[in-house]
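The block underneath contains the structure these notes are about, expressed in structure tokens.
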Amino acid sequence: MEAIELLMTRRSYPRGSLIQPAPNRTELENILQAAMSVPDHGNLKPWRFVVIQGQGMKDLDGVLRAMYEGQVEDETYFNRFIQEIINTPMMICVYTALNTDHKVSILDQQLAGGAACEHILLAAQAMGFGGIWHTQDTEGALRQMLKMGEEDQILGVISLGTPKRTSAAKRKSFVDYTFEWSQESGLQPWA
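For the sequence shown, the UniProt record's numbering begins at 1 and goes up steadily by one.
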């Protein structure tokens, strides 16, 4: 797949639409290595990847139930939500390992971690896998499970697997979101 085609056709696949196989070890290592090539001011590598698969996915049942204890209004929906997650072939939790004493801003470090998430999705799609990037609980059981530092932040949980079926992503034109600026004419809609 050509790089521009990959970028133009990238899409998310809901967890319930992802089945086995997940990336094997070699494929996963290539996906994670691709994530290491993102723009990274200061070359800090301010992210950590935690791969959850196999038994780890089953173990999430108890963690998730603890995470949402007392917050569930619809038990049927919640149980379906849990099953959808634990039946996902693989998840990669990406969180920041921020260097708060470095001259590189926290925002730059967070954006580098976000770019790593996007590279994971692009590399997986280039290999024929599908995925989706969710943001999750930032204070509760997931942080404890990952033994994160106080200043660290969860950037997302990326679910990966093989899409049951593929379809083209519906894309809006960039035109409505783009402007051109010059001192003479100021900010103008893209034309």
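Glycine included, each C-beta is placed from N, C-alpha and C at the ideal position. None of the values given here were measured: they were computed from a predicted structure.
Beta-carbon of Tyr177 versus every beta-carbon of chain B: anything under 8 Å? Protein chain content of the structure displayed is limited to a single chain, and chain B is not contained in it.
**Report entry** Bounding residues of the alpha helix (DSSP H) (the contiguous stretch that carries Tyr77)
**Finding:** Going by DSSP, Tyr77 is part of the alpha helix (DSSP H) stretching over Glu75 to Ile86.
Relative to the C-alpha of Leu18, which candidate in Gln125, Val72 and Gly131 has its C-alpha closest? Gly131
query = According to DSSP, which residues form a beta bridge with Tyr95?
reply = Arg48 and Ile154
**Asked** Given Ala66, which residues of its chain have a CB within under 6 Å of its CB, disregarding the five upstream and five downstream residues?
**Response** Ala141
_Once the 5 residues before and after Pro46 are set aside, which same chain residues still bring their CB inside 7 Å of it?_
Thr96, Ala97, Leu98, Asn99, Gln109, Ala112 and Gly113
Taking Ala35 and Ile120 to be in contact with their CB atoms under 8 Å, please state how far apart those CB atoms are, rounded to whole angstroms. 5 Å
Suppose the cutoff is 7 Å on Cβ atoms and the five residues either side in sequence are ignored; what does the same chain contact list for Phe179 look like? Leu187, Gln188, Pro189 and Trp190
Bridge partners for Trp133 per DSSP, in chain order? Ile158
Query raised in the report: Quick one: what's Glu180 bridged to in DSSP?
Result: Gln188
Taking the C-alpha atoms as reference points, what is the distance between residue 199 and Phe174? Limits of the chain in this structure are 1 at one end and 191 at the other, which puts residue 199 out of reach.
Any idea what DSSP makes of Gln20, helix, strand or coil? coil
Quiz prompt | Inter-residue CB distance, Leu64 and Ile82 (contact presumed, cutoff 8 Å) | solution = 6 Å
| said: Let me confirm a value: Gln125 is counted as buried when at least 16 other C-beta atoms fall within 10 Å, else exposed. Which label applies? | reply: buried
Subject >> DSSP state of Met57 mapped onto helix, strand, coil >> reply: Looking at Met57 - three-state DSSP - the assignment turns out to be helix.
Quiz prompt | Whether Arg48 touches Ala169 by CB criterion (8 Å) | solution = no
Requested in this report: Could you pull out every residue in the same chain whose Cβ sits closer than 7 Å to the Cβ of Gly42, ignoring the five residues on either side in sequence?
Outcome: Correct list, in chain order: His102 and Val104.
* **Host alpha helix (DSSP H) of Gln33 (start-end)** => Arg25 to Ala35
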